[in-house]
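Written below as structure tokens is the structure these notes are about.
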Amino acid sequence: QARSLGSKVAIPLAMWRCLWSARSTLEAEKEGKLVPAAAGASPAFPSAVPATAGAAADGSAAGDAGPARPGSNGAAEAAVTPSAGAGRGAQYISRSALGPPQSLMDDGLPEWAFELDAGKWKAYPLQESLELDRYWQVFQRRRSSEGSWPQLASVRLMKREGVVDFVEMTCQVGGGRPRKLQRNIHDPGWLSNTFFFQAFKDALKRAGVSVESSAEEMFVFQFNQDFRGMRDDGRQLVRGGQRYELPIGWKRFAVNVKGQYDDGNNDWLREDETGWAVAYHGTSGDSLPGILCSGFHVGDRQKFEKDTGAGIYCTQWIDVAQHYSKPQRLEGHWVQIVLQLRVKPSAIRPVTDAKATDFERKYWVVNDPSEIRAYGVLIREFSLAEYIPPEVMVFGRDHPTVCQILEDLQKEAAAQ
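All the letters of the sequence shown, read from the start, carry residue numbers 6 to 421 under this note's numbering.
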């Protein structure tokens with residue numbers, strides 16, 4: 006059962022867990038939906054933990070999107086040999102000359118890529134692009150001055166040491182050939198980190214919570230993943246022995262959960278059979294703060310309790326979860342919000358009731374709230390007129406109650 010806070014609290018920088026021990030009694034949702042659940046779950050926003058660039062099993066599940074993530078290969082053996090075109094006496098840019106990295110809240114962030122094959126470019130992970138850009142900025146400043154200037158940088162890229170030549174715009178690793186580089190500025194469009202965090206703070210404010218922590222302490226933006234331009238290539242991914250359906254059409258904002266569970270053990274985020282399964286949970290924007298900050302809470306009067314036991318409802322199918330997320334208006338855009346979860350494989354209780362519809366048989370129930378964890382927030386633009394509530398999928402459009410729901414929804418959409 007999702008809960009929302011009724012008292013105003015200032016969130017400290019490092020003690021999210023302590024905050025929620027003093028929360029007021031919260032109203033329960035009793036709508037018979039895919040409700041969040043269970044008491045005692047750990048918060049998703051405890052103390053801030055610095056993200057490690059390139060870590061695969063970290064709090065953001067950086068590589069948890071299969072083909073959506075910029076690659077983790079392409080560079081070979083480590084070396085610091087200047088490229089052939091660097092010329093004799095080419096100098097390296099010192100780390101002491103570097104300025105601070107660009108803020109992840111900026112709308113235009115650099116995106117560096119190398120030429121994997123002729124005409125085929127592969128982007129570096131955002132954290133590495135930001136680091137590479139710090140050297141680039143020094144090179145740009147100094148090349149405008151008279152005399153010679155450093156043009157090389159020794160930078161760790163794709164978990165290997167490489168030499169970047171900013172004059173030739175190449176990167177060389179080991180004895181391999183120098184590969185061409187290109188620098189672009191990524192335009193996130195309207196759904197930027199700034200937009201997302203402001204919308205998140207507004208939702209917390211409506212729940213009676215003020216935010217003092219920075220965005221970077223609560224989310225790991227360098228591990229965001231944008232699936233909006235992706236197409237299904239037919240590959241089947243697996244997490245924790247269960248099929249993992251990519252959230253194609255959505256943008257994922259990574260929650261800072263690294264080191265916050267199991268005494269800092271992040272094995273539950275692994276991207277193979279040993280990690281936890283991936284699931285989704287549709288929710289309203291107003292429920293989001295309570296879920297992320299105090300975890301899930303088991304609701305009462307659950308339809309399949311005799312079959313699965315009481316617990317938290319989720320699904321491995323994003324297209325099922327989205328029916329439980331009614332679009333809401335955020336800063337001029339109609340959006341849906343779905344939580345991306347990790348679920349302990351042994352805790353999954355599929356709905357098998359003979360009376361359940363095909364739609365309902367796609368539910369999972371997790372009895373213990375400690376065995377389900379939110380680690381990503383998914384958002385997509387979706388109009389109210391396009392939205393189909395879950396009652397349609399369960400009871401059909403001809404059911405009297407559903408007819409009334411659709412009529413009310415039509416009126417609401419027309420009034421917008």
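The beta carbon of each residue, even a glycine, is placed where N, CA and C say it ideally should be.
Collapsing the DSSP output to three states places D305 in coil. The stretch 263-282 makes contact with the stretch 341-352: 3 or more CB pairs, one atom from each, lie closer than 8 Å. In this structure, I253 lies away from D231, with their beta-carbon atoms at least 7 Å apart.
Along the stretch 218-261, the alpha helix (DSSP H) occurs as fully enclosed runs of 4 or more residues at 220-223, listed in sequence order. For P394, the closest alpha carbon among the candidates A379, P332, I384 is that of P332. In the three-state reduction of the DSSP assignment, W117 falls in the strand class, which pools E and B. Within the DSSP secondary-structure output, N189 pairs in a beta bridge with E116.
Contact between V356 and F309 holds, since their C-beta atoms are separated by about 5 Å, short of 8 Å.
Pairing L383 with R257 gives a Cβ-Cβ distance under 7 Å. Assignment of alpha helix (DSSP H) within the stretch 150-180, counting only whole runs of 4 or more residues, yields no such run. For V356, there is no enclosing alpha helix (DSSP H), as DSSP marks it with neither H nor E. The continuous stretches of alpha helix (DSSP H) do not include L103, and DSSP gives it neither H nor E. A distance below 8 Å between beta-carbons, with the five flanking residues on each side excluded, links I190 to the following residues of its chain, in chain order: G113, L114, P115, E116. The three-state reading of DSSP puts T199 in helix, counting H, G and I together. DSSP, read as helix, strand or coil, puts D207 in helix. Cβ neighbours of V325 within its own chain (closer than 6 Å, five residues either side excluded): K367.
When rounded, the separation of the alpha-carbon atoms in G167 and W255 is 34 Å. Relative to the Cα of L196, the nearest Cα in the group Y392, G124, D111 belongs to D111. Shown here, K263 sits in coil according to DSSP, grouped into three states, outside any helix or strand. Under the three-state reduction of DSSP output, T279 falls in the coil class, being neither helix nor strand. Assigned with DSSP and collapsed to three states, Y392 falls in coil, not helix or strand. Bridge partners of Y368 according to DSSP: T320. The DSSP-derived three-state label of K416 is helix. Per DSSP, the beta bridge partners of W126 are E120. Shown here, L109 sits in coil according to DSSP, grouped into three states, outside any helix or strand. Out of L186, A118, A158, the CA that lies nearest to the CA of M174 is found in L186. For the set K263, L344, Q247, I353, the Cα lying nearest the Cα of E376 is the one of I353.
Counted as a single uninterrupted DSSP element, the stretch harbouring Y140 is not any beta strand (DSSP E) but the alpha helix (DSSP H) occupying residues 131-148. For E386, the enclosing beta strand (DSSP E) stretches over residues 377-386. In the DSSP annotation of this structure, the continuous segment of the alpha helix (DSSP H) that includes D312 starts and ends at 310-313. Taking C-beta atoms as the reference points, L162 and E133 count as a pair closer than 7 Å. In the same chain as R244, and ignoring 5 residues on each side of it, the C-beta atoms closer than 6 Å to its own belong to G280, A282, V283, in chain order. Judged by DSSP in its simplified three-state form, H328 adopts helix.
Contact between E386 and V340 holds, since their C-beta atoms are separated by about 6 Å, short of 8 Å. Within a 10 Å sphere around the beta-carbon of P106 sit fewer than 16 other beta-carbons, which makes this residue exposed.
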